[in-house]
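Asks: Next up is a structure, given as structure tokens.
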């Protein structure tokens, strides 16, 4: 069992050397996430040199791809923003409750989501007391969210002055008859009724409530005045959005208890 926590281009080259020599490779980069290899030059700046292996890779989001993960040899773990947005939207898109076009996702992440490289935008003096958007119209997680949800999405990420956590706010139009807040919550809760890490409730999610856990907290509203559906999701970008989600996917692939090793997660930083 090998976890790859290396840059995208490095994972692209390392995974083929390991995939048939170990039980399973879990790649935390984006090298094997997008099924359409032609998207990589546009969104990641490199040509994908392993198209056959790309098709073998299984997307590592158990709540949506559990059956495919069983026995997987190469797992591509999702992006942190993608995990939040996709888990918020998929139940309503797949059921036809909301339209699959014109969806807006605004999401804010803690500074740890930017990695540990020394960058001006990640310095304390830059992020402290600041809240800013970035990656306007071209963030790399956009095509990944669209791939998972099957919807057209306008995605705007934001950097929040906190260590860790993601809060995604998603806006969509009803597809047909107008829902109610109660029916939205019921639909999402039913979709995730057997999921150990999904928490669906009327209360507004907060990042601090998910700190150090592998849980995703979700709520939804229908605004009769504007006709919009709003879905919010909070998670820890380091836990469920990265390493915790990777361990969960590994557990499913191995056929062992899905929650093993995930009931207690460290909270550094």
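In the UniProt record's numbering, the protein residues as written are 1 to 269. No residue lacks a Cβ here, since even glycine has one placed at the ideal position from N, Cα and C.
Express the C-alpha separation of residue 106 and residue 84 in angstroms, rounding to a whole number.
Replies: Approximately 11 Å between the Cα atoms of the pair.
Asks: Under 8 Å, with one C-beta from each stretch per pair, do the segment 224 to 234 and the segment 157 to 173 reach the 3-pair mark?
Replies: Flag = yes, the segment 224 to 234 and the segment 157 to 173 touch.
Asks: Considering only residues of the same chain and omitting the five flanking positions on each side of residue 250, which have a CB-CB separation below 6 Å?
Replies: Closer than 6 Å at the Cβ level, and outside the excluded window around residue 250, lie 26.
Asks: Determine which residues share a DSSP beta bridge with residue 27 and list them.
Replies: According to DSSP, residue 27 bridges with 4, 76.
Asks: Assuming residue 82 contacts residue 144 (C-beta within less than 8 Å), just tell me the rounded distance between them.
Replies: With 8 Å as the limit, residue 82 and residue 144 qualify as a contact, their Cβ atoms being about 5 Å apart.
Asks: Going by C-alpha to C-alpha distance, which of 111, 180, 40 sits closest to residue 221?
Replies: Considering only alpha carbons, the answer is 180.
Asks: Determine the DSSP secondary structure at residue 221, reduced to helix, strand or coil.
Replies: Residue 221 falls in the strand class under three-state DSSP.
Asks: Using the beta-carbon count (16 or more within 10 Å), is residue 121 buried or exposed?
Replies: Flag for residue 121 reads exposed.
Asks: Between which two residues does the alpha helix (DSSP H) holding residue 40 run?
Replies: Where residue 40 is concerned, the enclosing alpha helix (DSSP H) stretches over 40 to 43.
Asks: Can you list, in chain order, the residues of its chain with a C-beta nearer than 6 Å to that of residue 103? Leave out the 5 residues immediately preceding and following it.
Replies: 151, 153, 172, listed in sequence order.
Asks: May I ask you to report which of helix, strand or coil DSSP gives residue 174?
Replies: Reduced to three states, the DSSP call for residue 174 is strand.
Asks: Quick check on DSSP: helix, strand or coil for residue 65?
Replies: It is helical.
Asks: Which term fits residue 240, buried or exposed, when burial requires 16 or more other beta carbons within 10 angstroms of its beta carbon?
Replies: It is buried - the Cβ of residue 240 has at least 16 other Cβ atoms within 10 Å.
Asks: Hey, could you find the ends of the beta strand (DSSP E) residue 104 is sitting in?
Replies: Element bounds for residue 104: 103 to 109.
Asks: Counting pairs of beta carbons, one from the segment 1 to 13 and one from the segment 26 to 36, are three or more of them closer than 8 Å?
Replies: Counting Cβ pairs under 8 Å, three or more are found: they touch.
Asks: Could you please give the first and the last residue of the uninterrupted alpha helix (DSSP H) stretch that includes residue 149?
Replies: Per DSSP, residue 149 belongs to the alpha helix (DSSP H) from 141 to 149.
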